[in-house]
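The structure appears below as structure tokens.
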Amino acid sequence: MVSKTHAFHVTPEKVVRKIVEAGVTHIPYLPGTERDTIHNLLTAAPELTLVPVCREGETMAIATGLIIGGKKPMVMIQNTGMFESGDSIRGFTYYARLPLVMMIGYRGWVLDGQARDSAGIYTQPILDAWRATSIPLVTDEDLDRIPEAYGIAEETGRPVALLLPDDASVPKASGASS
Amino acid sequence: MMEVSAAFEVVERYRGDAVVIPCQTARQPWFDVSQRPELDILFRGAMGKGTSLGLGIALGRPDRKVIVFDGDGSLLMNLGSLVTIVGSGVQNLYVFVLENGVYAGTGGQPIPNRGGLSFSTIAKGCGFSVAEDFDDLDTFAGRFPELIAQPGPVFGTLRTHPIISDYNPDEAMPHLFKSCADVRQALADAPEEG
């Protein structure tokens, strides 16, 4: 449950626009609660190819393959799926050492620090344990950092997590289904 | 039943410029026969994700065939990837499971329901239009050239003798890091036409 007194202000249209501007080609993807709003926007973007998966751990492997094939993927999953994907994150960043960028839907994230959902409680500590770089996307201004994520991943050889608040706090895009 | 190394000799003859991903204990016999190591990813780690890695390369380079040799224990860890592969619409991916009934990389413990499941039937149920079983080398050797010549995705089950081994972090084969870097460079050096 997101605190109503600490609203996020992330515009879905700008999320997708910044992803496109970053040169992303493919999105290995499994919907989370925050994806309801932007799914249609992603689907409508001709520059992007969605690769729907059955389980989140597939996404890191697919992304690695896409990088090997010369493309620029962005993994898009929910934090709970990231928990399930630990061995893939290990295997494909620490073994293959390719620049993995993940947009993580942050279920249970609250700005007052009083998370009431275990998904919210454990997300940041787990990312820290992976020595991943975390970039919170709390406001529209933060979205300007999306392209930067790829440079960080390439430079550090570690995954970069773009943390997006869940759908409860993202304004609905006009025309998006719910 | 067939020996993995004998099956791989057949595959090597017909691979052309395909990217090949042998997983887990299949790495060593493939490493021994391959004539194009710059196009091989000797995959270990993230057990079960070799099919997904192959899908990513196939999507990234639709002009190249990608051949994955997965283990049965590995594939059981990522059966959903077969659905993902078919759903992606990819046409250049060829998945072969080496069915030996055991977790060969950890000493040979049996997989669940050993002998009581059909990977090719599962693959067909996932939407693969081609999914065939091979119990002996001659049949596989006779059929493989046709399988690799047709559009994918293609699935095959090869019943093989296990190669029992133990985890060895100091093995002599190239590290996954080098495999990925080499193939990335080889593909970049031969850009997609059109």
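If you're matching them up, the sequences are chains A and B in order.
In this note's numbering, each residue carries its 1-based index in the first sequence increased by 26.
In this note's numbering, each residue carries its 1-based index in the second sequence increased by 1421.
Don't be surprised by glycine CBs; every beta carbon is placed ideally from N, CA and C.
| Asked | Found |
| --- | --- |
| Answer with buried or exposed for A/Ser-200, where buried requires no fewer than 16 other C-beta atoms within 10 angstroms of its C-beta. | Reliability of the predicted coordinates at A/Ser-200 is poor, the pLDDT of 44 falling under 50, and the value obtained from them is presented with this limitation in mind. It is exposed - the Cβ of A/Ser-200 has fewer than 16 other Cβ atoms within 10 Å. |
| Give every residue of the same chain whose Cβ lies closer than 6 Å to the Cβ of A/Glu-167, excluding the five residues on either side of it in the sequence, and list them in chain order. | none |
| Please list, in chain order, all residues of the same chain as A/Ser-160 whose beta carbon is under 7 Å from its beta carbon, the five residues on each side excluded. | Gln-150, Leu-153, Ala-187, Leu-189 |
| Taking the alpha-carbon positions, what's the B/Ser-1426 to B/Ala-1593 distance? | 18 Å |
| Among all the DSSP beta bridges, which residues are the ones paired with B/Glu-1553? | B/Gly-1577 |
| Give me the DSSP bridge partner(s) of A/Ala-187. | A/Met-128, A/Ser-160 |
| Is there a C-beta anywhere in chain B that falls below 8 Å from the one on A/Ser-144? | no |
| Relative to the C-alpha of B/Val-1575, which residue among B/Ala-1602, B/Ala-1562, B/Cys-1547 is closest? | B/Cys-1547 |
| Smallest Cα separation from B/Ile-1478: which of B/Pro-1450, B/Asp-1557, B/Ile-1442? | B/Ile-1442 |
| Taking the alpha helix (DSSP H) that A/Gln-150 belongs to, which residues open and close that run? | 144-155 |
| When the distance is taken between beta carbons, is B/Met-1468 closer than 8 Å to B/Thr-1581? | no |
| So B/Gly-1526 packs on B/Gln-1445, CB below 8 Å; how close in whole Å? | 5 Å |
| Is it right to say A/Glu-73 is buried, meaning 16 or more other beta carbons lie within 10 angstroms of its own, or is it exposed? | exposed |
| Rounding to the nearest angstrom, what Cα-Cα distance links A/Ile-45 and A/His-65 in this structure? | 13 Å |
| Can you tell which of B/Ala-1439, B/Gly-1481, B/Gly-1437, B/Glu-1520 has the C-alpha that lies nearest to the C-alpha of B/Phe-1540? | B/Glu-1520 |
| Pull up the distance between the alpha-carbon of B/Gln-1571 and that of B/Ser-1455, whole angstroms please. | 22 Å |
| Rounded to whole angstroms, what's the CA-CA distance from B/Arg-1436 to B/Gly-1481? Just pull it up for me. | 19 Å |
| To test your reading of the DSSP string, which unbroken beta strand (DSSP E) runs of 3 or more residues are found completely within the region 44-115 of chain A? | 52-55, 75-78, 101-104 |
| Cβ of B/Arg-1605 versus every heavy atom of the ligand ZN: is any distance shorter than 7 Å? | With respect to the ligand ZN, the structure offers nothing, as it holds no ligand at all. |
| According to DSSP, is B/Leu-1519 helix, strand or coil? | strand |
| Does the beta carbon of A/Tyr-132 come closer than 8 Å to any beta carbon on chain B? | no |
| Just to confirm my understanding: we take A/Leu-124, look at its own chain, exclude 5 residues before and 5 after, and list those with CB closer than 6 Å. What are they? | Thr-90, Ile-93 |
| From A/Thr-119 to B/Phe-1549, what does the alpha carbon distance come to, in whole angstroms? | 30 Å |
| In whole angstroms, give me the CA-to-CA distance for B/Pro-1595 and B/Pro-1458. | 10 Å |
| For B/Gly-1492, which residues does DSSP report across the bridge? | B/Leu-1519 |
| For a contact meaning CB atoms closer than 8 Å, what does A/Glu-180 contact in chain B? | Per Cβ cutoff of 8 Å: no residues; A/Glu-180 is ~13 Å from chain B at best. |
| Could you have a look at A/Pro-229 and say whether DSSP puts it in helix, strand or coil? | This structure cannot settle anything about residue 229 of chain A, because the visible part of chain A is limited to 27 through 204. |
| To the nearest angstrom, how far is the alpha carbon of A/Lys-97 from that of B/Arg-1605? | 10 Å |
| Residues of chain A with CB closer than 7 Å to the CB of B/Lys-1486, please, in chain order. | By Cβ distance, chain A contributes nothing, its closest Cβ being about 12 Å from B/Lys-1486, past 7 Å. |
| If we ignore side chains and look at the alpha-carbon of each, how far apart do B/Lys-1599 and B/Asp-1461 end up? | 10 Å |
| Using a C-beta cutoff of 8 Å, does A/Met-27 count as contacting chain B? | With a pLDDT of 38 at A/Met-27, under the threshold of 50, the modelled position of that residue is not reliable, and the figure given next carries that caveat. False, the Cβ-Cβ gap to chain B never drops below 8 Å. |
| How big is the Cα-Cα spacing for B/Phe-1517 and B/Lys-1470? | 14 Å |
| So who's on the other strand from B/Phe-1464, going by DSSP bridges? | B/Cys-1444 |
| Measuring alpha carbon to alpha carbon, tell me which of B/Trp-1451, B/Phe-1490, B/Gly-1475 ends up nearest B/Leu-1579. | B/Phe-1490 |
| Comparing the C-beta of B/Arg-1457 with each C-beta of chain A, is any distance below 8 Å? | no |
| Taking only the alpha-carbon atoms, compute the straight-line gap between A/Ala-155 and B/Met-1498 and give it to the nearest angstrom. | 24 Å |
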